[in-house]
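Our numbering numbers the first residue of the sequence shown as 1275 and each following residue consecutively.
Shown next, in structure tokens, is the structure this report addresses.
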Amino acid sequence: MSARGNFSSKLGFILAAAGSAVGLGNIWGFPYEVGQGGGAAFVIIYLIFCFILCYPVMVTEIAIGRKTQKNPVGAFNALGYKKWNFVGKLGLFSGVLILSFYNVIAGWAFGYIFEMVAGNFGIADQFGDYITNVFKVGAYGLVFMAVTAYVVSKGVSGGIEKAARLLMPTLIIMILIIVGYVMTLPNAIDGLKFYLIPDFSKLTPSVVYNAMGQAFFSLSLGMGALITYGSYVGKSDNIISSAAFITLTDVGIAFLAGLMIFPLIGFMSGGTMEGAGRGPGLIFVTLPQIFGEIGGTLGIATGTLFFVLLCFAALTSTVSLLEVPISYVVDEWKIKRTRASWLVALFIFIIGIPSLIGNGYSEFFSTSFTTYKDGGTDTDFLSFVAALANDTILPLGGCIIAFFAAHIWKKHNLDEELSNGAPGYKGSFIQKYLNFAIGYFAPIVLISVFILTVLFKFFGIQLI
Ligand code: TRP
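So, in structure tokens, the structure goes:
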């Protein structure tokens, strides 16, 4: 084993990468986006994007990582294209930004565990007060960041792989239990209809845009997180099938999250599905009300279970976000992993303080970063950082990574790397499709997303 560390097995890598992908984006983000996007039509577009666009980008990131065995900046240097390492730096920058606000939301979820244990279902009505209680949610966030730093400090196979091996299967089992339970509730069927039967009249260009952004974020693409994880993968592992498995797991868990939430909303709304489009507060406001309605010990148990599960999912994602800058400072600045983990985590926590203070209900900016169906807008600091990192830098980074791999590093080198561990790859349909997707389709779609975001979210010009 090299001094950088490696995953101890193929399964370890797959679980860690799936753990990175599965997170708040799946369980908190996906359902509220579906609710906003009008239900099943959004789900279909999302699924299509995951497979035809995101999967090829994922394969490319992992291949660059494995080929070079380096962090996202070092990877471009190692391939001999030092000028292109700005892409890696862009990735580091966006990773720091994403973790800074992601950890704030993870902190909310973490605090909800205690609210549920205490049977405080009324938190649903006090969500606004809860998240503006800066010292309280700040302390939860600090603890969450510390746990993240601890896991990363233990290294790739000792910390990250071990955590993922335990957390991922537990998560899936817990979700299945809750899904099983909610299906028995009255009016669950109305939630299922909303979620599964598409109404294509709801399919506007902005729904397509949101589905694309959601897919890309959910699969942890565009910032080199998977270049980093790929750098710990063995030469004989099959990247093509591993990436397919990771994509399926991520999509599968998002889908299950919807199966657990929409029947609940069906139940709660008496079948009208009112409240499905409420936006980011969806799971924090809607779910505790339902747990309260279930009531008693069962309500406490399901509520606690749910938020424990959400924190598990978030933790394997925060770990992957922190691993990116850590791999960079460990490789390039030769700083010890343990010290680097704690220092960088503290730094990112501090960067996150404006997002902690300026969230949901405060107005920092006059332009709105998101407009919701109910007419609400986001003008707060957290939304600004999310718009900058998720909707702007990630698609730009993904576009350049794909373009670079196909046209600068060249497709035949990418294909060469991919065929290690995947003997049937060359000459297959997948190879032909990947070459097309990486060379043309992904760069064009991603640069369009980037341009639309900049125009709309930063200049207020709405084209779609
Ligand atoms: N995909 C994770 C989620 O859905 C978040 C995440 C982790 C991420 N690492 C990432 C997003 C890297 C973009 C890039 O919650």
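Even for Gly, the Cβ is constructed at its ideal location relative to N, Cα and C.
Can you list, in chain order, the residues of its chain with a C-beta nearer than 7 Å to that of S1543? Leave out the 5 residues immediately preceding and following it. Against the sequence shown, residue 1543 aligns to sequence position 269. So the list reads G1549, once near-sequence residues are dropped.
So, helix, strand or coil for A1680, using DSSP? Here residue 1680 refers to the residue found at position 406 of the sequence shown. Residue state, collapsed to three classes: helix.
Nearest to F1541 by alpha carbon, out of E1567, K1476, A1462 and A1588? On the sequence shown, position 267 is the one that residue 1541 refers to. Measuring from the Cα of F1541, the nearest candidate turns out to be A1462.
Own chain residues within Cβ distance below 7 Å of L1493, not counting five before or after: One-based indexing of the sequence shown puts residue 1493 at position 219. The answer, listed in chain order, is A1295, C1324, C1328, M1332, T1521 and D1524.
Decide if A1716 is buried, meaning its Cβ has at least 16 other Cβ atoms within 10 Å, or exposed. Locating residue 1716 in the sequence shown gives position 442, counting from the first residue. By the neighbour-count rule (16 or more Cβ atoms within 10 Å), A1716 is buried.
At a threshold of 7 Å, does A1295 count as lining the ligand TRP (C-beta to nearest heavy atom)? In the sequence shown, residue 1295 corresponds to position 21, counting from 1. A1295: yes, Cβ under 7 Å from the ligand TRP.
Along the alpha helix (DSSP H) that carries G1573, what are the first and last residues, could you check? Counted from its first residue, the sequence shown places residue 1573 at position 299. Its alpha helix (DSSP H) spans residues G1570 to E1606.
Can the beta-carbon of W1469 be found closer than 8 Å to that of G1532? Here residue 1469 corresponds to residue number 195 of the sequence shown, with the count starting at 1. Here residue 1532 corresponds to residue number 258 of the sequence shown, with the count starting at 1. Sequence inspection shows Tyr at residue 1469; the Trp mentioned does not correspond to that position. Contact: yes.
Does DSSP classify K1509 as helix, strand or coil? Counting from 1 along the sequence shown, the entry for residue 1509 is found at position 235. Coil.
Going by beta carbon distance, what residues of the same chain come within less than 6 Å of I1319, once the five residues before and after it are set aside? Indexing the sequence shown from 1 puts residue 1319 at position 45. So the list reads V1482 and A1485, once near-sequence residues are dropped.
Considering only the beta carbon of each residue, do D1605 and G1348 sit closer than 8 Å? Here residue 1605 corresponds to residue number 331 of the sequence shown, with the count starting at 1. Here residue 1348 corresponds to residue number 74 of the sequence shown, with the count starting at 1. In contact: D1605 and G1348 (Cβ atoms closer than 8 Å).
To the nearest angstrom, how far is it from the Cα of M1448 to the Cα of S1374? Indexing the sequence shown from 1 puts residue 1448 at position 174. Indexing the sequence shown from 1 puts residue 1374 at position 100. Their backbone Cα atoms lie some 27 Å apart in a straight line.
Sort T1546, G1498 and L1572 by Cα distance to L1668 and report the nearest one. Position 394 of the sequence shown, counted from the first residue, corresponds to residue 1668. Nearest C-alpha to L1668: G1498.
Are N1280 and Y1506 close, meaning C-beta to C-beta below 8 Å? Your numbering for residue 1280 matches position 6 in the sequence shown. Your numbering for residue 1506 matches position 232 in the sequence shown. Yes, these two residues count as a Cβ contact at 8 Å.
Please look up how many angstroms separate the CB atoms of L1530 and Y1376, rounded, as I've assumed it's under 8 Å. Stepping through the sequence shown from its first residue, residue 1530 is reached at position 256. Stepping through the sequence shown from its first residue, residue 1376 is reached at position 102. Going by Cβ atoms, the distance from L1530 to Y1376 rounds to 21 Å, so no, they are not a contact pair.
Considering only the alpha carbon of each residue, which of A1383, N1345, F1367 and E1335 lies closest to V1582? As a position in the sequence shown, residue 1582 is number 308, starting the count at 1. Among A1383, N1345, F1367 and E1335, the Cα nearest to that of V1582 is on A1383.
Is G1381 near the ligand TRP, judged by its Cβ being under 7 Å from some heavy atom? Residue 1381 sits at position 107 when you count from the first residue of the sequence shown. Not under cutoff, so the answer is no.
The ligand TRP heavy atom lying under 7 Å from the CB of I1372: As a position in the sequence shown, residue 1372 is number 98, starting the count at 1. Within the cutoff, so yes.
Within the continuous alpha helix (DSSP H) that includes R1613, where are the two ends? The residue given as residue 1613 occupies position 339 in the sequence shown. Segment R1611 to I1625, the alpha helix (DSSP H) holding R1613.
Enumerate in chain order the residues of its own chain whose CB-to-CB distance from T1576 is below 8 Å, with the five nearest sequence positions on each side excluded. Along the sequence shown, read from residue 1 onward, the residue named residue 1576 stands at position 302. So the qualifying residues of the chain are I1452, Y1455, F1565 and I1568.
Of the choices K1344, N1709 and A1528, whose alpha-carbon is the least far from that of A1680? If you number the sequence shown from 1, residue 1680 lands on position 406. Out of K1344, N1709 and A1528, N1709 has the C-alpha closest to the C-alpha of A1680.
Going along the chain, which unbroken runs of the beta strand (DSSP E) with 3 or more residues stay wholly within the stretch 1435-1486? none
Output needed for L1737: all residues of its chain with C-beta closer than 8 Å, excluding positions within five of it in sequence on either side, in chain order. As a position in the sequence shown, residue 1737 is number 463, starting the count at 1. Closer than 8 Å at Cβ, skipping near neighbours: L1726, L1729 and F1730.
With 16 as the cutoff for other CB atoms within 10 Å, does N1300 come out buried or exposed? As a working mapping, residue 1300 is identified with position 26 in the sequence shown. That one is buried.
C-beta atoms of Y1699 and L1692 nearer than 8 Å: If you number the sequence shown from 1, residue 1699 lands on position 425. If you number the sequence shown from 1, residue 1692 lands on position 418. It is a contact, given that the beta carbons lie within the stated cut-off.
May I ask you to report which of helix, strand or coil DSSP gives L1298? Taking the first residue of the sequence shown as 1, we reach residue 1298 at position 24. Reduced to three states, the DSSP call for L1298 is helix.
Under the criterion of a Cβ to heavy atom distance below 7 Å, does L1495 qualify as lining the ligand TRP? As a first step, residue 1495 is located in the sequence shown; it is residue number 221 there, counting from the start. L1495 Cβ: within cutoff of the ligand TRP.
Measuring only the C-alpha atoms, how far is G1429 from A1413? Translated into the one-based positions of the sequence shown, residue 1429 becomes position 155. Translated into the one-based positions of the sequence shown, residue 1413 becomes position 139. Computed Cα separation, rounded: 25 Å.
Look at the alpha carbon of G1297 and the alpha carbon of G1311, and state the distance between them as a whole number of angstroms. For the purposes of this step, residue 1297 is taken as residue 23 along the sequence shown, with counting starting at 1. For the purposes of this step, residue 1311 is taken as residue 37 along the sequence shown, with counting starting at 1. Cα to Cα, the separation comes out at about 20 Å.
Residues in the same chain with beta-carbon distance under 6 Å from L1459, minus the five sequence neighbours each way, listed in chain order, please. For the purposes of this step, residue 1459 is taken as residue 185 along the sequence shown, with counting starting at 1. Cβ neighbours of L1459 beyond the five flanking positions: F1541.
contact_flag[the stretch 1408-1425, the stretch 1547-1563] where n(CB pairs < 8 Å) is 3 or more: no
Counting along the chain, where does the alpha helix (DSSP H) carrying I1319 start and finish? Position 45 of the sequence shown, counted from the start, is the residue given in the question as residue 1319. A1314 to F1323 is the span of the alpha helix (DSSP H), which, as asked, contains I1319.
Beta-carbon spacing of V1370, I1622 below 8 Å: Translated into positions along the sequence shown, residue 1370 becomes position 96. Translated into positions along the sequence shown, residue 1622 becomes position 348. Taking 8 Å as the Cβ cut-off, V1370 and I1622 qualify as a contacting pair.
Please classify D1399: is it buried, with 16 or more other beta-carbons within 10 angstroms of its beta-carbon, or exposed? Here residue 1399 is taken as the residue at index 125 of the sequence shown, counted from 1. So D1399 ends up on the exposed side.
Identify every run of the alpha helix (DSSP H) within the stretch 1528-1556, keeping only runs that are complete inside it and at least 4 residues long; order them along the chain. none
Between L1298 and the ligand TRP, is there a pair consisting of the residue's CB and a ligand heavy atom that are separated by less than 7 Å? The residue you call residue 1298 lines up with position 24 of the sequence shown. Yes.
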